[in-house]
Amino acid sequence: MENQSIRLYNLFPRYYENCLQWSQEFQRIKNMGFNAIYINPFHYAGFSGSLYAPKDYYAINPIFIDPISDKEPFEQLREMLQAAHDLKLKVIMDLVINHTAKDHTFTNEHCSWYVHDNNNELMSPGAWENGAWISWGDLAQIDNASSPDKEALWNYWKELICFYIDLGFDGFRADAAYQVPQDLWKELIQTARNVSPHILFFAESLGGTLEQSEVLAQCGFDYLFSSAKWWDFKEPWFFEQHNALSPLIKSIAFPESHDTARVASELNNNIAIIKRKLSFTGLISAGWMIITGTEYGWQHKPNVLTTSPSDKENMVLDLQNFITNINHLRDQFPIFNSEGIIIPRDHENISHILCFEKINTTTDQCLLFVINKTISDTAFHTFNFTDFLQSIETPQLIFSSTDDYHFEQSQIPLKPAEIKLFLFEKRKS
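For the sequence shown, the positions run 1 to 429 when UniProt numbering is used.
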């Protein structure tokens with residue numbers, strides 16, 4: 001992995017009978033070109049059963065334990081980790097420290113660790129949805145910023161990450177990272193790297209502002225999760241966000257996650273548009289992530305409270321080879337392991353075709369993305385780019401989302417929703 005950026009496969013644990021079954025997927029995941037497994041919370045959950053409502057950080061959720069194994073729960077987990085490491089796959093776990101389950105023993109034993117309302121009741125975190133505040137009533141919000149017992153609280157988190165590093169985990173996805181104080185992240189990341197210098201930290205910052213992401217980038221995180229999934233190829237916000245953050249930190253794009261609708265269902269199983277979404281998220285950022293079922297075109301969003309092994313779906317679309325090809329392309333060309341700067345290119349057919357450069361700031365290597373925003377055949381006329389083409393070496397067509405590698409000097413034909421990707425180097429002056 002030395003020369004690779006992260007390529008995460010989010011193995012959603014509720015789809016499997018127990019943690020020993022997770023490892024049965026590892027070879028297939030490796031074969032698709034992923035180099036790390038990300039697993040959602042596996043801790044003992046509170047009364048709601050939500051994976052994100054931890055009741056005991058030092059106990060494993062019984063639904064992930066093999067009851068007929070003669071191994072203790074943490075030995076089962078360690079066996080799973082060893083199976084991944086045998087394949088040179090890293091394993092990333094969720095770090096949920098913004099809240100606990102409301103029935104965590106800490107709500108009584110360490111009540112000063114929590115945020116309370118004016119009636120001295122435990123406060124629940126939440127989020128805005130369609131203009132309304134939705135409170136997550138099964139959760140109690142931790143007061144990492146202002147607890148009068150902050151030193152003990154922060155030490156608890158330090159001991160927790162050291163425990164899981166010792167168990168064999170290679171990194172942490174920081175849930176709701178922007179809601180946790182900057183200084184706490186700095187201390188936790190430094191503590192972790194004192195124990196294991198190569199430990200990885202990923203900041204989940206979706207829903208936060210650009211300014212909050214910039215703050216997280218200063219804390220020592222290796223990656224932020226990108227908002228590329230939601231870009232419509234029209235509004236300027238994605239370019240602005242990417243270029244503001246790219247000098248500071250790498251990002252991970254994804255076509256879907258456990259928090260979003262399934263991309264195949266969302267796009268009505270239109271294979272061309274789905275491949276455009278996979279291609280764009282797979283090739284625009286330094287990192288990439290898919291979740292269990294993306295490769296099969298699964299239709300139903302996983303549920304952190306209720307999903308069970310019976311919710312595994314039959315294959316709707318076989319995208320395994322397509323995903324593998326994206327990862328192989330990332331292996332082949334170093335520019336895909338960097339963020340780079342994006343420069344949009346103006347032309348006469350901008351309402352139908354998006355064209356932009358992604359420039360590697362440390363080399364002369366560049367990419368030219370040509371994206372058909374429509375679901376009709378079209379063509380990009382290169383006469384708009386005469387000055388640009390004269391400034392570069394002969395471009396190499398390295399990717400087509402439709403496997404159409406035909407183009408002419410005067411125009412680039414594009415099938416519905418197609419992405420074509422050209423690699424070039426700036427001509428030496």
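Yeah, the Cβ is synthetic: ideal placement off N, Cα and C, and Gly gets one too.
When the five nearest sequence neighbours on each side are left out, the beta carbons in the same chain lying within less than 7 Å of the beta carbon of Q27 are those of L87, in order along the chain. With 16 or more neighbouring CB atoms inside 10 Å of its own CB, A45 falls in the buried class. Counting C-beta pairs closer than 8 Å gives fewer than three between the segment 67–77 and the segment 360–374, which falls short of the contact rule. Taking the C-beta atoms as reference points, Q82 is found no nearer than 8 Å to L20. For F333, the CB contacts under 8 Å within the same chain, skipping 5 residues up- and downstream, are Q365, I398 and L423 in chain order. No Cβ-Cβ contact shorter than 8 Å links T307 with A228.
Taken in chain order, the unbroken stretches of alpha helix (DSSP H) that lie wholly in the segment 300–338 and span 4 residues or more are 320–332.
Within the model, the alpha-carbon separation for F42 versus P413 is close to 48 Å. Cα atoms of A177 and T402: separation of roughly 37 Å, rounded to the nearest angstrom. Excluding five sequence positions before and after K30, the CB atoms of its chain that fall closer than 7 Å to its own CB belong to L87 and L89, given in chain order. Along the length of the segment 92–173, whole beta strand (DSSP E) runs at least 3 residues long occupy 99–101, 126–129, 132–135 and 139–141, reported in chain order.
For P413, the uninterrupted beta strand (DSSP E) run begins and ends at Q411 to L414, by DSSP. In the DSSP annotation of this structure, T378 is not part of any alpha helix (DSSP H); the continuous beta strand (DSSP E) holding it starts and ends at T378 to H381. Residue environment analysis places N144 among the buried positions, since at least 16 neighbouring C-beta atoms fall within 10 angstroms of its C-beta. The alpha-carbon separation between Q4 and H347 amounts to approximately 34 Å.
The three-state secondary structure of H43, taken from DSSP, is strand.
DSSP places W237 in no beta strand (DSSP E) but in the uninterrupted alpha helix (DSSP H) bounded by W237 to L245. In this structure, DSSP gives R78 a helical state, which the three-state scheme calls helix. Per DSSP, reduced to three states, the secondary structure at V215 is helical. A264: not part of any beta strand (DSSP E); member of the alpha helix (DSSP H) spanning V263 to E266, first to last residue. Shown here, Q27 sits in a helix according to DSSP, grouped into three states.
Beyond the five residues adjoining it in sequence on each side, Q141 comes within less than 6 Å, by CB distance, of H99, V115, M123 and P125 in the same chain, given in chain order. Beta-bridge pairing by DSSP links P344 to F356. Between Q299 and S265, the gap from beta carbon to beta carbon is short of 8 Å. The beta-bridge partner set that DSSP reports for K90 consists of A36. DSSP, reduced to helix, strand and coil, places W298 outside both helices and strands of the structure shown, so it counts as coil. Minimum Cα-Cα distance from D56 among the listed residues I97, S23 and Y16 corresponds to I97. Looking from the CA of T324, the closest CA among N303, I6, R262 and G33 belongs to G33. The closest CA to that of I92, considering only G171, I350, W113 and K186, is found on G171.
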